[in-house]
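Colleague: Quick one: the structure is below, questions incoming.
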Amino acid sequence: MADHHAAQNAPAVGTRGTSDRVRHVLLFELIALAIVIPTGSTLFGLHESSMGMIGIGSAITATIWNYLYNVVFDRVMARLYATTHKTVGVRIVHTLLFEAGLQVVLLPAIAWYLHESVLKAFSLSMSIAVFYLVYAFVFNMAYDRIFPVPADHPATGKANG
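For the sequence shown, full-length UniProt numbering gives the first residue as 1, with consecutive numbering after it.
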C-alpha cells in the first residue's frame, strides 16, 4: 500500500520532482544575480540599486516562468518522445523559447521602471537576454550532469534515487 501511494505521488517517469526544480530555480537565479547586478551596473552606467531592482524583479519573474515553463516543456517532451533527456539541439530550442517568452513580459516592465521608451530599454533587456541565453545553456548542461534526471528501474518502472 505504501509503495502504491509513493508511486502515485512520485514524479512521472524520467522527470524531475518539485524539490529538484526548486533547487534548480534557486541556484540558477542566485548565481545569475551575482553576475548580472555588478556587470549590468558597470556596462549601462546604472546605479547598483537600479540594476539590483531590475535584476531582482527579472529574477522573480523568471523564477516563476522558469518553473512553469520547465514543467510544461518536460511534460510535452515526455508525451511526444517518451523521454525528457535533452540533446544539445533540444536544449538550444528550450533556451530560445524560454527567453522569448520571458522577454514578452520583461521588456515593457524594464522600460516602465527606468522611465524610458521600450526602444531604449531594448538594449538593456537584450543584453540581459543574451547573457541569460548563454548562461541558461551552460547552467542547464552543468545541472543535468551534476543532478541527473532519475532513471527508470527496468524491473519495476520506478525511478532510481
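Heads up, the beta-carbon is just placed ideally off N, CA and C, and yes, glycines get one too.
Check each candidate in LEU46, ALA109, LEU133 and name the one with the smallest Cα separation from residue 162.
Modeller: Beyond the ends of the chain as shown, which are 1 and 161, falls residue 162; an answer cannot be given.
Colleague: I'd like to know whether the C-beta atoms of PHE28 and PHE139 end up nearer to each other than 8 Å.
Modeller: Taking the sequence shown and counting its residues from 1, one reaches residue 28 at position 28. Taking the sequence shown and counting its residues from 1, one reaches residue 139 at position 139. Yes, they are a contact pair.
Colleague: Excluding five sequence neighbours on each side, which residues of the same chain lie with their C-beta closer than 7 Å to the C-beta of LEU106?
Modeller: Taking the first residue of the sequence shown as position 1, residue 106 is located at position 106. SER58, THR61, SER125.
Colleague: Can you say whether GLY55 is buried or exposed, counting buried as having 16 or more other CB atoms within 10 angstroms of its CB?
Modeller: Mapped onto the sequence shown, residue 55 falls at position 55. GLY55 is buried by the Cβ-count criterion.
Colleague: Using a Cβ distance threshold of 8 Å, determine whether the stretch 30 to 50 contacts the stretch 78 to 86, with at least three qualifying pairs required.
Modeller: no
Colleague: Out of LEU26, SER127, ALA111, which one is the CA nearest neighbour of LYS120?
Modeller: Start at 1 with the first residue of the sequence shown, and residue 120 comes out as number 120. Ranking the options by Cα distance to LYS120, first place goes to ALA111.
Colleague: Tell me which residues share the same chain as VAL25 and place their Cβ nearer than 6 Å to its Cβ, disregarding the 5 neighbours each side in the sequence.
Modeller: Here residue 25 is taken as the residue at index 25 of the sequence shown, counted from 1. Counting only Cβ-Cβ distances below 6 Å, and skipping sequence neighbours, we find THR63, ASN66, TYR67.
Colleague: For a test of the three-state rule: what should DSSP assign to ALA109, helix, strand or coil?
Modeller: As a working note, residue 109 is residue 109 in the sequence shown. In this structure, ALA109 counts as helix in the three-state DSSP scheme.
Colleague: Between the Cα of VAL118 and those of GLN103, TYR135, ASP20, spot the shortest distance and give me the residue it belongs to.
Modeller: Counting from 1 along the sequence shown, the entry for residue 118 is found at position 118. Among GLN103, TYR135, ASP20, the Cα nearest to that of VAL118 belongs to GLN103.
Colleague: Under DSSP, the alpha helix (DSSP H) around PHE73 begins and ends at which residues?
Modeller: Mapped onto the sequence shown, residue 73 falls at position 73. Unbroken alpha helix (DSSP H) run through PHE73: 48 to 81.
Colleague: Hey, out of GLY14, ARG23, GLY17, whose CA is closest to residue 163's CA?
Modeller: For residue 163 there is no data in the structure shown, the boundaries of the chain being 1 and 161.
Colleague: For a quick check, are the C-beta atoms of GLY89 and TYR69 less than 8 Å apart?
Modeller: Reading the sequence shown from its first residue, position 89 is the one you call residue 89. Reading the sequence shown from its first residue, position 69 is the one you call residue 69. Contact flag unset, no.
Colleague: Sorted by chain position, which residues of the same chain lie with C-beta nearer than 7 Å to PRO154's C-beta, five sequence neighbours on each side aside?
Modeller: Locating residue 154 in the sequence shown gives position 154, counting from the first residue. Note that PRO154 scores a pLDDT of 49, beneath 50, so its modelled location is shaky and nothing firm can be said.
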